[in-house]
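> Each residue of the sequence shown is one higher than the one before, starting from 31 at the first, in this note's numbering. There's a structure below that I have some questions on.
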Amino acid sequence: MFDLELERTADWISINGYSKVAVQLPEGLKLRATEIADALNASTGAEIIILGRPCYGACDFFENYKSVADALVHYGHSTMPSLGKDPDILFVEARAEVALAESFADFVNVLPEKVGVLASIQYIGLIPDAVRVMEAAGKEVHVSAGDTRIMYPGQVLGCNCSTAEAVADSVEAFLFLGEGNFHPLAAAFGAEKKLFVYNPVTGESRNIDEIKDRILRKRFAAITVASEAENFVIIVSNKIGQNRMTEAERIKDVIRSAGKKAYILVLDEITPEALIHYRVDAFVNTACPRIAMDESARFNKPMLTIPEAEIVFGLRDWSDYRFDAIRE
Ligand code: SF4
Numbered sequence: 031m032f033d034l035e036l037e038r039t040a041d042w043i044s045i046n047g048y049s050k051v052a053v054q055l056p057e058g059l060k061l062r063a064t065e066i067a068d069a070l071n072a073s074t075g076a077e078i079i080i081l082g083r084p085c086y087g088a089c090d091f092f093e094n095y096k097s098v099a100d101a102l103v104h105y106g107h108s109t110m111p112s113l114g115k116d117p118d119i120l121f122v123e124a125r126a127e128v129a130l131a132e133s134f135a136d137f138v139n140v141l142p143e144k145v146g147v148l149a150s151i152q153y154i155g156l157i158p159d160a161v162r163v164m165e166a167a168g169k170e171v172h173v174s175a176g177d178t179r180i181m182y183p184g185q186v187l188g189c190n191c192s193t194a195e196a197v198a199d200s201v202e203a204f205l206f207l208g209e210g211n212f213h214p215l216a217a218a219f220g221a222e223k224k225l226f227v228y229n230p231v232t233g234e235s236r237n238i239d240e241i242k243d244r245i246l247r248k249r250f251a252a253i254t255v256a257s258e259a260e261n262f263v264i265i266v267s268n269k270i271g272q273n274r275m276t277e278a279e280r281i282k283d284v285i286r287s288a289g290k291k292a293y294i295l296v297l298d299e300i301t302p303e304a305l306i307h308y309r310v311d312a313f314v315n316t317a318c319p320r321i322a323m324d325e326s327a328r329f330n331k332p333m334l335t336i337p338e339a340e341i342v343f344g345l346r347d348w349s350d351y352r353f354d355a356i357r358e
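Here's what the structure looks like:
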């Protein structure tokens, strides 16, 4: 169902004469790691090294790949332009090989007149077809470029919906094409407009307001508990596209100015096991903001995002709660 572009990847390996190539896959594609390694080895003769470390986005491509191979093939995500271009890294987006479900033509009738269209990378290729159908139904459709963290117009990352923010004033609602809750929630939190989610494979449409509200209630509870904390660990990721040391230092100064203790902790993987050693009352996570938003139940202390820490320390009002987007 996902296009692994084995032929294009093999051509890239052969043309560049790589003899050892590392492949990095997100968890959902790891099942196909050996199949990919066999296919690329058979067609190029190159040794394929499978990287086992977890991988969640283009933000954490394996920077140190030259320690194990000549080149890196990173699957499942698009290039993050703000991180620069390395000619020895190939991003294979693994787009879904699907057409828009037939029910889409009927579905567009529930949309308001002015709509912004968004998608996760796997379904970004369906945007032109969706726009065609929507315009034929008389809709005014907006698809915008985002900031330099974003590769394609309309693309949404779990931490960045700048493509939605760019057209928010021109539309009444957004339509998100994709599966699951991870990316639509970024759009729902970041764009603050009505959001329609349409699964282009099944034709199912749904509303995620309830999920958003449930997360918000948990976030407000975490802020309340963290308001009583005396000691904070501020987590900084050493992943190339998640490192926000400057923001961490700013928050550290704010906490210390309030007479409380703050420590900066640099981590690779942010897990309950990695944090259990630290005797503090709360965490501020400056790495991927979705760890605090979506996975807070895994941690035994409240974990705040940067805007949530600003609320705790009076820099931001509760009514000005904001999604912790990483913008470039
Ligand atoms: S920081 Fe988190 S949400 Fe953003 S691209 Fe990386 S893994 Fe995805």
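Backbone N, C-alpha and C fix where the C-beta goes; we use that ideal spot for every residue, glycine too.
#1: Since E170 is in the beta strand (DSSP E), which residue starts that stretch and which ends it?
#2: Would you say the beta carbon of L187 comes nearer than 7 Å to a heavy atom of the ligand SF4?
#3: What is the residue span of the beta strand (DSSP E) that I80 lies within?
#4: Quick one: is the Cβ of I306 within less than 7 Å of any heavy atom of the ligand SF4?
#5: Using a Cβ-Cβ cut-off of 6 Å (strictly less than) and excluding sequence neighbours within five positions of M275, which residues of its own chain qualify?
#6: Just checking my contact of E123 with I79 at CB under 8 Å: how many whole Å lie between their CB atoms?
#7: With DSSP run on the structure shown, which of helix, strand or coil describes L34?
#8: List the residues that DSSP assigns as beta-bridge partners of Q54.
#9: Can you tell which of A317, K60, V227 has its C-alpha closest to the C-alpha of N268?
#10: Any heavy atom of the ligand SF4 inside 7 Å of the beta-carbon of Y48?
#11: If you draw a straight line from the alpha carbon of A63 to that of A288, how long is it in whole angstroms?
#12: Give a single yes or no on whether I154 has its beta carbon closer than 7 Å to a heavy atom of the ligand SF4.
#13: Ignore the nearest five residues each way along the sequence and tell me which others in G155's own chain have a CB closer than 7 Å to its CB.
#14: Helix, strand or coil, according to DSSP, for Y86 in the structure here?
#15: Return yes when at least one heavy atom of the ligand SF4 lies under 7 Å from the C-beta of R320, else no.
#16: Per DSSP, A149 is paired with what?
#17: Taking DSSP as the reference, what is the three-state secondary structure of Y293?
#18: So the beta strand (DSSP E) K269 belongs to, where does it begin and stop?
#19: Closest Cβ-Cβ distance between I79 and chain D: below 8 Å?
#20: Less than 7 Å between the CB of Q54 and some heavy atom of the ligand SF4, yes or no?
#21: Give me whichever residues DSSP pairs with K144 in a beta bridge.
#22: Measure the alpha-carbon distance for G114 versus F32 and round it to whole angstroms.
#23: Would you kindly report the start and end of the unbroken alpha helix (DSSP H) that includes I119?
#24: Indicate, with yes or no, if the ligand SF4 has a heavy atom lying under 7 Å from the CB of Y86.
#25: Give the secondary structure of S49 by DSSP, where H, G and I count as helix, E and B as strand, and everything else as coil.
#26: Please report the straight-line C-alpha distance between V227 and S108, rounded to a whole angstrom.
#27: Report the CB separation of A292 from I285 in whole angstroms; it is logged as a contact under 8 Å.
#28: Please list the terminal residues of the continuous beta strand (DSSP E) segment that includes N315.
#29: Sorted by chain position, which residues of the same chain lie with C-beta nearer than 6 Å to R320's C-beta, five sequence neighbours on each side aside?
#30: Ignore the nearest five residues each way along the sequence and tell me which others in R179's own chain have a CB closer than 6 Å to its CB.
#31: In the DSSP assignment, what residue or residues form a beta bridge with V263?
#32: For V140, is the classification buried or exposed, using 16 other Cβ atoms within 10 angstroms of its Cβ as the cut-off for buried?
#33: For A251, count the other beta carbons within 10 Å of its own beta carbon; 16 or more makes it buried, fewer makes it exposed. Which is it?
#34: Under 8 Å by Cβ, that's how I've got L205 and V145 pegged, so tell me the actual separation to the nearest angstrom.
#35: Please work out which residues of its chain come closer than 7 Å, Cβ to Cβ, to S200, disregarding the five sequence neighbours upstream and downstream, and give them in chain order.
In short, the structure shows the following:
#1: Stepping through the sequence shown from its first residue, residue 170 is reached at position 140. Element bounds for E170: 170-172.
#2: Counted from its first residue, the sequence shown places residue 187 at position 157. For the ligand SF4, at least one heavy atom lies less than 7 Å from the Cβ of L187.
#3: Sequence index remark: in the sequence shown, residue 80 carries index 50 (1-based). Residues 77-81.
#4: Residue mapping note: residue 306 aligns to position 276 of the sequence shown, counting from 1. Every heavy atom of the ligand SF4 is 7 Å or more from the Cβ of I306, so no.
#5: Stepping through the sequence shown from its first residue, residue 275 is reached at position 245. If we look at M275 and ignore the five residues flanking it on each side, its Cβ neighbours are V266.
#6: Position 93 of the sequence shown holds residue 123. Position 49 of the sequence shown holds residue 79. The Cβ separation is near 21 Å, so there is no contact.
#7: As a first step, residue 34 must be located in the sequence shown, where it is residue number 4. Reduced to three states, the DSSP call for L34 is coil.
#8: As a working mapping, residue 54 is identified with position 24 in the sequence shown. Paired residues: L81, H104.
#9: By 1-based counting over the sequence shown, the position of residue 268 is 238. That would be A317, whose Cα lies nearest to the Cα of N268.
#10: Within the sequence shown, the letter at position 18 stands for residue 48. Y48: no, Cβ never under 7 Å from the ligand SF4.
#11: Working through the sequence shown from its first residue, we reach residue 63 at position 33. Working through the sequence shown from its first residue, we reach residue 288 at position 258. Those two C-alpha atoms are separated by around 50 Å.
#12: By one-based count along the sequence shown, residue 154 stands at place 124. No, since every heavy atom of the ligand SF4 falls outside the 7 Å radius drawn around the Cβ of I154.
#13: Residue 155 sits at position 125 when you count from the first residue of the sequence shown. Answer for G155: R125, listed in chain order.
#14: The sequence position of residue 86 within the sequence shown is 56, counting from 1. Residue state, collapsed to three classes: coil.
#15: Stepping through the sequence shown from its first residue, residue 320 is reached at position 290. Correct: R320 has its Cβ closer than 7 Å to the ligand SF4.
#16: Here the question's residue 149 lines up with position 119 in the sequence shown. According to DSSP, A149 bridges with Q185, L207.
#17: Position 263 of the sequence shown, counting from 1, holds the residue named residue 293. Residue state, collapsed to three classes: strand.
#18: One-based indexing of the sequence shown puts residue 269 at position 239. Neither: K269 is in no beta strand (DSSP E) and is coded neither H nor E.
#19: Considering every chain present, this structure includes no chain D. It has just one protein chain.
#20: As a working note, residue 54 is residue 24 in the sequence shown. No, the ligand SF4 has no heavy atom inside 7 Å of this Cβ.
#21: Residue numbering aside, residue 144 sits at position 114 when the sequence shown is read from its first letter. In the DSSP output, where bridge partners are listed per residue, K144 has E170.
#22: As a working note, residue 114 is residue 84 in the sequence shown. As a working note, residue 32 is residue 2 in the sequence shown. Spanning the two alpha carbons is a distance of roughly 26 Å.
#23: Taking the sequence shown and counting its residues from 1, one reaches residue 119 at position 89. That residue, I119, is in no alpha helix (DSSP H); its beta strand (DSSP E) goes 119-122.
#24: The residue labelled residue 86 in the question sits at position 56 within the sequence shown. True, at least one ligand heavy atom lies under 7 Å from that Cβ.
#25: Locating residue 49 in the sequence shown gives position 19, counting from the first residue. S49: coil per DSSP, three-state reduction.
#26: Stepping through the sequence shown from its first residue, residue 227 is reached at position 197. Stepping through the sequence shown from its first residue, residue 108 is reached at position 78. Looking at the two C-alpha atoms, the distance is approximately 21 Å.
#27: Along the sequence shown, read from residue 1 onward, the residue named residue 292 stands at position 262. Along the sequence shown, read from residue 1 onward, the residue named residue 285 stands at position 255. Sure, about 4 Å apart at Cβ, within 8 Å.
#28: Stepping through the sequence shown from its first residue, residue 315 is reached at position 285. Start and end: 312-315.
#29: Reading the sequence shown from its first residue, position 290 is the one you call residue 320. So the list reads G188, once near-sequence residues are dropped.
#30: Start at 1 with the first residue of the sequence shown, and residue 179 comes out as number 149. Excluding positions up to five away in sequence, the list reads M110, S112, N190, E358.
#31: The count along the sequence shown starts at 1 and reaches residue 263 at position 233. Note: V263 sits in a beta bridge opposite Y293, F313.
#32: On the sequence shown, residue 140 is found 110 positions in, with the first residue counted as 1. V140 should be labelled exposed.
#33: One-based indexing of the sequence shown puts residue 251 at position 221. Counting Cβ neighbours within 10 Å, A251 comes out exposed, since fewer than 16 surround it.
#34: As a first step, residue 205 is located in the sequence shown; it is residue number 175 there, counting from the start. As a first step, residue 145 is located in the sequence shown; it is residue number 115 there, counting from the start. Correct: roughly 5 Å between the Cβ atoms.
#35: Within the sequence shown, numbered from 1, the residue matching residue 200 stands at position 170. Once the five neighbours on either side are set aside, the close Cβ partners of S200 are K144, H172.
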